[in-house]
Amino acid sequence: MKRSAGLLVASALGLAACGSGQQAPPAGGAGQVTITVACQPAKSAPKERQAWDDDVAAFMKANPGVTVKSTDQQPCFDPKTFGPKLAGGQMETVFVVPVTNYDDVIRQGQALDITAYTGEIKNWDDLRQDVRDLVTKDGKVYGVPNVHYGVGLVYNRKLFAEAGLDPNTPPTTWAEIREAAKKIAALGPGHVGYGEYSGGNTGGWHFTQAIYGRGGSILTDDGKKAAFNSPEGRAVLQTLHDMRWVDDSMGTKLLVGWESLMVAMGSGKVGMMLGAPDVVTDVVGKFKGSVADYGITGFPEAKASLSGGEAFMINPKATPEEAKAGMRWLDFRFNTVGKGRFDFARGKAIGNPVGVPDNAVYGDSPTGQAIQADRVKNASLPVENYDPYVKASAAIPPKAEPVHAQEIYAILDVAMSGVLSDEDADIDKLLADAETKVNAVLAAKG
Amino acid sequence: MISVGARAAAGRRRAARRPKPIDTGQFRTIISPLQLNSRWGRRVYWAVLVTVVVTFTLAFVFPLYWMITGAMKTGEEIAQMPPTLFPADPTLDAYAEAWNLFDLGTLLWNTAYYSLGGWVFCMLVDVSAAYALSRLRPMFGGVILGAMLATLMIPAMVVLIPLYVTVVDLGLLNNPWGLWFPAAANGFNIFLLKRFFDSIPRELIEAARIDGAGAFRVLWSVVLPVSRPILGVVSIFTIVTSFKDFVWPLLVMTDSDKMTLSVGLSQTAGMVTQNAVMGGLVVASIPTIIVFFVFQRHIMAGLTAGSIKG
Amino acid sequence: MAVLRRNLTAYGFLCAALFCFAVFAWYPMIREFILSFQETNLIDPPTWVGLDNFEYAVGYPGFTEAWIATLQFTFLALVCGFAVPFVVALVLNELRHARAYLRFVVYLPVMLPPIVAVLLFRWFFDPGPGLFNQLLGLVNLPGLAWLDSPATALISLVIVSTWMNMGSATLIYLAALQNIPPELYEAAELDGAGILKRIRHVTIPQTRLILLLMLMLQIVATMQVFIEPYMLTGGGPAGSTVTVAYMMFQFAFTNQNYGVAGALGMMLMIVLLVFAAFQLRLTREDKA
Chain A
119 MKRSAGLLVA SALGLAACGS GQQAPPAGGA GQVTITVACQ PAKSAPKERQ
169 AWDDDVAAFM KANPGVTVKS TDQQPCFDPK TFGPKLAGGQ METVFVVPVT
219 NYDDVIRQGQ ALDITAYTGE IKNWDDLRQD VRDLVTKDGK VYGVPNVHYG
269 VGLVYNRKLF AEAGLDPNTP PTTWAEIREA AKKIAALGPG HVGYGEYSGG
319 NTGGWHFTQA IYGRGGSILT DDGKKAAFNS PEGRAVLQTL HDMRWVDDSM
369 GTKLLVGWES LMVAMGSGKV GMMLGAPDVV TDVVGKFKGS VADYGITGFP
419 EAKASLSGGE AFMINPKATP EEAKAGMRWL DFRFNTVGKG RFDFARGKAI
469 GNPVGVPDNA VYGDSPTGQA IQADRVKNAS LPVENYDPYV KASAAIPPKA
519 EPVHAQEIYA ILDVAMSGVL SDEDADIDKL LADAETKVNA VLAAKG
Chain B
1034 MISVGARAAA GRRRAARRPK PIDTGQFRTI ISPLQLNSRW GRRVYWAVLV
1084 TVVVTFTLAF VFPLYWMITG AMKTGEEIAQ MPPTLFPADP TLDAYAEAWN
1134 LFDLGTLLWN TAYYSLGGWV FCMLVDVSAA YALSRLRPMF GGVILGAMLA
1184 TLMIPAMVVL IPLYVTVVDL GLLNNPWGLW FPAAANGFNI FLLKRFFDSI
1234 PRELIEAARI DGAGAFRVLW SVVLPVSRPI LGVVSIFTIV TSFKDFVWPL
1284 LVMTDSDKMT LSVGLSQTAG MVTQNAVMGG LVVASIPTII VFFVFQRHIM
1334 AGLTAGSIKG
Chain C
51 MAVLRRNLTA YGFLCAALFC FAVFAWYPMI REFILSFQET NLIDPPTWVG
101 LDNFEYAVGY PGFTEAWIAT LQFTFLALVC GFAVPFVVAL VLNELRHARA
151 YLRFVVYLPV MLPPIVAVLL FRWFFDPGPG LFNQLLGLVN LPGLAWLDSP
201 ATALISLVIV STWMNMGSAT LIYLAALQNI PPELYEAAEL DGAGILKRIR
251 HVTIPQTRLI LLLMLMLQIV ATMQVFIEPY MLTGGGPAGS TVTVAYMMFQ
301 FAFTNQNYGV AGALGMMLMI VLLVFAAFQL RLTREDKA
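In structure tokens:
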């Protein structure tokens, strides 16, 4: 084992030629290794932070010789600092990447090929195959999928009741969504029937969710041309336009950036939004929403659902020892039933929202079932509020994000904010413009 | 109390008898003193004065009032339509909340540390450079000064990216030196200091030289003491600029426990309630406003000195 | 020998500054130039790509719009940020009371960290409980969408920008006005010139250089506008507030495309250098 590790180091240094005279790394202190790991909870969440610190201590006890240092940058993945941190030698050994950026990170060689280390994750084979495929390129594995979810419709059950709608039969069609939104908006000033993003790349992201749901696509199958200037794309924008300007059920404020809609949702005045179950967790956990109010149902009329989630990846500059230690940490904290983040009993004890089916990374595998059983047992949230989502999502096929997602989302923001900020917006022109722009970007990328 | 009231009453009586002329001082401006003190001139003058004072107060003070009182309202009251002019039930809860949520203690400490540390380093570097260029007159001094001033011509946003790449290469991310080194490369400071040093009478320095003082001694005991005004102006501007800076620390100090106040506020503002945001903003404004109160004269003098003759 | 010693001492005093300038000012200027002809992700060794970055930037969707938005912003900001402070300074200079207060107050926003001004105005612009629409409602006017409509977003940014920056220009003009010799006004008055004529024939010619200088300075400053769109609109709605500086930042830090950002920066620099050259000529004229 040590010999092959030495070889790897040697080849990494470009010394592979001198096979016999290789310089083994200092052998002292069998496997003395220090790794840095990202995503320690922020100081503003002291209990979760304590739980994390306890896990770090427990892990270091179980793995003598491994020292774990945590970083708590918020958000833990920041596209702005990602490349520079890597270049400046500041990147953690283990870092998180959202699904939107998998492709870029892997393509640019910013993540380590961990095919040889997947054995460290004991439940590796139980991770959903389609989710594992997302972090696999040319047969090589570059990440450990950490979170996976499909989009549904998050709604405020309390507002539904106030507006005379039945919270137990949420809308199943876009026509029903429009009707429900109108009734909720009519509750009084400040009430928004249906909330939607329009800037900071989130507009394009939600456009993608909506068009996938309608059976449309952002790009052609070969990823070379834009495909959203289609009847489905037009329907997405037309519906939003009509809800905003004909029904006046979407409020008057443009929502830019992820937090904006979350804050609005948490304030209890927004009836519905597109979102995955993690929205419920965040609205309750970070934005002061009241637990019992939020439910989630399947994506109405959905033909496909945009995959969301994140994966852990390993620093390409990590030594094999560091990489292995990092994988063991991932196994311990993130992939063991009843341990680390899946320690739902502890989560409930410290007041986390437990019970939202916010992670389908293990799907229906034995591990996945064990996690779900554990989650339901310790639930602190009304799990029945999420049943419609669980039932509906099983039937909806997941669909991955387009390549160059962030650049395309930025372009589609223009179309989204276009219909939401201008009553006389020309939908055909907005789509045609965006199509031209996306094609130009794709052409330039080659 | 009584005497003040009596004096005011006396003033009113006098005003009623004979309108007090507007004192034009020694300045003569567009409108002549005669015109100003005509019957209509006076009326127009007072009308304009009141309008200007009211408008300025509304435009520049009222927003700050709104910010301070906004932070004293509850979450419901701040979102209420129409809004209340005075907080119904003033509370400092939002300030406390902001203090915790934004981790303002850490942010304030970081910002103060970066500003003051940067100031010390900047003064060391720029004063000695200006002194060398002004008094020691090395070979190529003119070229060096020219090259330093040339950096002022390059727009800040344009060098942002290459400077950032350089700092990344040097591994100075999340390191205060990543802020301090670029701040010290300030051509404008050197220009101001050098111009002032140039104006110090030769005799003063010659006298010290004859007493056997070396270059450092001359700087320390002759040049610096007489340069106090310009040192004050440069110091204040250096500190205030680094305190206010946003884009550069946004890129360089990214760790949450190393962020500056401005960056910390911008990163967390979307996640907290409006009244807590206002609380954070008030706390962030206090240091610079105190500096302004205390050093008002220096700041205004520096502003006009630097830009007009520059 | 004495010359050598003097030079050695001088360079001893200069070395720290030379280091700072060399590494953090001069080298980045050269690096900017190099960067714009390279493709780099900061990790792999950069490759030379000739003019590809420039072609990519020019062909990038929204390139022309970004320049138009930047010019519009600059123009609007000049109307507000250049003309308003001058008029304000003219009026202030005539006042004999409350001068200290007014000067203090107009400069107050300049002292605030820009992020404070920007976040404060973000709340004022809120179409619901925001201050501006509530004030409009008070006088029975309909509310505006402010940042949320392509029609008003840019002008909203100009309002913030003017509010937080006009103090320094006002005080500089005020100082310039106070330097005008009173005899000139007296002479004009004897010639029978009214107030407007006195402004046209005395005030403006006497402050011409400062006015031009400030004009150039402000053009250069406003063309680099970044914080306002970055914090307030994220470039929206409908792309109406994507400025060149904002686009450059996005290229570098969202798309990790440092080369293209460098190319865009070069173009911005060339445009701004033209203005800077004007400024330099004016300064020379001033000294001559």
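Residue numbers (this note's numbering), protein chains in the order written: chain A, 119 to 564; chain B, 1034 to 1343; chain C, 51 to 338. A virtual CB, placed ideally from N, CA and C, is assigned to each residue, including glycine.
Whole-Å CB distance - residue i paired with residue j, under 8 Å assumed
i	j	result
Gly473/A	Ala491/A	The Cβ separation is near 12 Å, so there is no contact.
Val214/A	Val184/A	Actually they are not in contact, since the Cβ atoms of Val214/A and Val184/A sit about 20 Å apart, beyond 8 Å.
Tyr267/A	Gly426/A	5 Å
Ile1269/B	Val1324/B	7 Å
Thr554/A	Pro111/C	7 Å
Ile1194/B	Leu85/C	7 Å
Neighbour-count burial assignment, residue i, 16 or more Cβ in a 10 Å radius
i	result
Ala67/C	buried
Trp173/C	buried
Tyr1146/B	exposed
Arg332/A	buried
Gly334/A	buried
Leu548/A	buried
Lys1027/B	Any question about residue 1027/B goes unanswered here, given that chain B covers just 1034 to 1343.
Glu1236/B	exposed
Tyr1098/B	exposed
Lys240/A	exposed
Residue range of the unbroken alpha helix (DSSP H) whose run includes residue i
i	result
Ile526/A	523-539
Met346/C	Lying before the first or after the last residue shown, residue 346/C is absent from chain C, which here runs from 51 to 338.
Phe1230/B	1220-1231
Val1081/B	1072-1089
Chain-ordered neighbours of residue i on chain B, where CB pairs are closer than 8 Å
i	result
Met319/C	Ile1187, Pro1188, Val1191
Val223/A	Residues of chain B passing the Cβ test: none, with the nearest at roughly 17 Å.
Ile277/C	Phe1279, Val1280
Ala160/A	Ser1289
N-terminal and C-terminal residue of the beta strand (DSSP E) that residue i is part of
i	result
Lys187/A	184-188
Ile432/A	423-432
Val310/A	310-312
Leu91/A	Residue 91/A cannot be examined here, being either before or after the span of chain A that is shown, 119 to 564.
Ser316/A	315-317
Phe104/C	Unbroken run through Phe104/C is the alpha helix (DSSP H), 102-109; no beta strand (DSSP E).
Gly393/A	388-393
Val3/C	For chain C, the structure presents residues 51 to 338; residue 3/C sits outside this window and is missing.
Phe213/A	212-216
Proximal residues of chain B, C-beta to C-beta of residue i below 9 Å
i	result
Ser378/A	Gly1303
Within chain A, partners of residue i - CB distance below 7 Å
i	result
Ser206/C	What Ser206/C touches in chain A: nothing, since even the nearest Cβ is about 12 Å away.
Ser86/C	Per Cβ cutoff of 7 Å: no residues; Ser86/C is ~16 Å from chain A at best.
Contact list for residue i against chain C, beta-carbon separation under 9 Å
i	result
Tyr1128/B	None at all; the shortest Cβ gap to chain C is about 15 Å.
Val472/A	Correct list: empty, because the minimum Cβ distance to chain C is about 34 Å.
Contact list for residue i against chain B, beta-carbon separation under 7 Å
i	result
Glu144/C	Thr1062, Ile1063, Ile1064
Ser290/C	Under the 7 Å cutoff, chain B gives no residues; its nearest Cβ is about 20 Å from Ser290/C.
Cys70/C	Val1158, Phe1214, Ala1217, Ala1218
Chain-ordered neighbours of residue i on chain C, where CB pairs are closer than 8 Å
i	result
Tyr1164/B	Phe63
Amino acids of chain C, ordered along the chain, whose beta-carbon sits closer than 7 Å to that of residue i
i	result
Trp1099/B	Leu181
Glu525/A	Asn305
Partner residues on chain A for residue i, Cβ-Cβ distance less than 9 Å
i	result
Thr1287/B	Gln191, Asp196, Lys198, Thr199, Pro202, Lys203, Gln208
Does the segment 350-369 of chain A touch the segment 309-325 of chain A, meaning 3 or more C-beta pairs lie closer than 8 Å?
yes
Count the CB pairs spanning the segment 158-165 of chain C and the segment 291-307 of chain C that are closer than 8 Å, and state whether there are at least three.
no
Report yes or no: do three or more beta-carbon pairs, one from the segment 264-271 of chain C and one from the segment 322-333 of chain C, lie closer than 8 Å?
yes
With a cut-off of 8 Å, do at least 3 Cβ pairs link the segment 1292-1310 of chain B to the segment 1104-1115 of chain B?
yes
Are there three or more Cβ pairs, one per stretch, closer than 8 Å when the segment 1213-1225 of chain B is compared with the segment 61-76 of chain C?
yes
Would you call the segment 538-558 of chain A in contact with the segment 292-302 of chain A, where contact means no fewer than 3 C-beta pairs closer than 8 Å?
no
Whether or not the segment 119-132 of chain C and the segment 202-211 of chain C are in contact is what I'm after, with contact meaning three or more pairs of Cβ atoms, one per stretch, closer than 8 Å; do they touch?
yes
So does the segment 508-518 of chain A actually touch the segment 302-311 of chain A, counting three or more Cβ pairs closer than 8 Å?
no
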